[in-house]
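Asker: Supplied in structure tokens, the structure appears directly below.
Numbering (our numbering), first residue to last: 42 to 332.
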């Protein structure tokens, strides 16, 4: 959902850290309101902005957390080792948490959430503030730890959803507005497919030719670079990126190629872009706002 939709509030209600105003939440068959202790025993929670103790060493912190989580004393060493391994931070037990990078601190938070071997792992905006490489590594961690447990992930980064999640729930203003797989949401709510072409030619005639193609709903153009000819030709006809929107499922590439050939223009790139989850999201949230 968008910022302010209620994602973090939902995560806190699911894990029993915030009581709901109404309704019922059940996790693993347990009611969050009346069986909160049972819910916490089977749930691992990684909140946004991991609340770590920067002055503690990693191993010291995880031993402290394992005691709070009720991990039996004889099992603590093995539980910590397993959590460190699962979160891919084995070997940093003696490091002071405050000296770790943002990515490593996030992994320590994940190790904490995994300590009691939870059946359900709840992660609130887990990649916020990470650099691209840290995001890539963390996504792989999520895929690995999700093989034998349920992972509930909140985010507003749609590319993350498509890569990591098998089911998607979109909320807006505290209400569920869509729930399905990413693929089905794209099919159901995506209103158009796009064909992208980079063409060197006079903009107005090119646009007119593309708009005449059957099935085209809209054409937009953006200058991208000088044209391929002489200096004078380049000044007149630089390359433009044309985006053609058509009814879903329509493949316009052959028709675009014919139009460009007939006009005597230069075609540098031609590709089809399918409906993305972002397109579906805009349609869903926009429709919910209008409703």
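The beta-carbon is built from N, C-alpha and C at its ideal position, and this holds for glycine as well. As the structure is a computational prediction, the values presented were derived from the model and not from experiment.
Should residue 220 go down as buried or exposed, given a rule of 16 or more other Cβ atoms within 10 Å for buried?
Answerer: For the purposes of this step, residue 220 is taken as the residue at position 179 of the chain shown. Residue 220 comes out exposed.
Asker: Is any beta-carbon of chain B found at less than 7 angstroms from that of residue 297?
Answerer: This model lacks chain B altogether; it includes just one protein chain.
Asker: Would you mind reading off the limits of the beta strand (DSSP E) that contains residue 335?
Answerer: Given that the chain is displayed from residue 42 to residue 332, the structure contains no residue 335 and the question cannot be resolved.
Asker: Would you call the CB atoms of residue 61 and residue 212 closer than 7 angstroms?
Answerer: Start at 1 with the first residue of the chain shown, and residue 61 comes out as number 20. Start at 1 with the first residue of the chain shown, and residue 212 comes out as number 171. No; because the gap between Cβ atoms is not below 7 angstroms, this pair is not in contact.
Asker: Would you mind reading off the limits of the beta strand (DSSP E) that contains residue 105?
Answerer: Position 64 of the chain shown, counting from 1, holds the residue named residue 105. No beta strand (DSSP E) holds residue 105; the alpha helix (DSSP H) holding it covers 99-109.
Asker: Would the beta-carbon of residue 240 fall within 7 angstroms of that of residue 318?
Answerer: As a working note, residue 240 is residue 199 in the chain shown. As a working note, residue 318 is residue 277 in the chain shown. No, they are not a contact pair.
Asker: Using only CA atoms, which one of 198, 98 and 135 lies nearest to residue 169?
Answerer: Reading the chain shown from its first residue, position 128 is the one you call residue 169. Selected option, being the one with the closest Cα: 198.
Asker: Hey, how far is the Cα of residue 205 from the Cα of residue 181?
Answerer: Working through the chain shown from its first residue, we reach residue 205 at position 164. Working through the chain shown from its first residue, we reach residue 181 at position 140. Their Cα atoms are separated by approximately 8 angstroms.
Asker: Determine the closest residue to residue 91 out of 123, 65, 118 and 153, with distance taken between C-alpha atoms.
Answerer: Against the chain shown, residue 91 aligns to sequence position 50. Here the closest residue by C-alpha is 153.
Asker: If you draw a straight line from the alpha carbon of residue 52 to that of residue 107, how long is it in whole angstroms?
Answerer: Position 11 of the chain shown, counted from the first residue, corresponds to residue 52. Position 66 of the chain shown, counted from the first residue, corresponds to residue 107. Approximately 22 angstroms, taken between the alpha carbons.
Asker: Terminal residues of the continuous alpha helix (DSSP H) containing residue 264?
Answerer: For this step, residue 264 is matched to residue 223 along the chain shown. Where residue 264 is concerned, there is no enclosing alpha helix (DSSP H), although the beta strand (DSSP E) it sits in stretches over 257-266.
Asker: With a threshold of 8 angstroms on Cβ separation, who are the neighbours of residue 265 within its own chain once the five nearest residues in sequence on each side are excluded?
Answerer: To locate residue 265, count along the chain shown from 1; it is residue 224. The answer, listed in chain order, is 239, 279, 280, 281 and 282.
Asker: Go ahead and pull the three-state DSSP assignment for residue 211.
Answerer: Locating residue 211 in the chain shown gives position 170, where the first residue counts as 1. Of the three classes helix, strand and coil, the one that applies to residue 211 here is strand, per DSSP.
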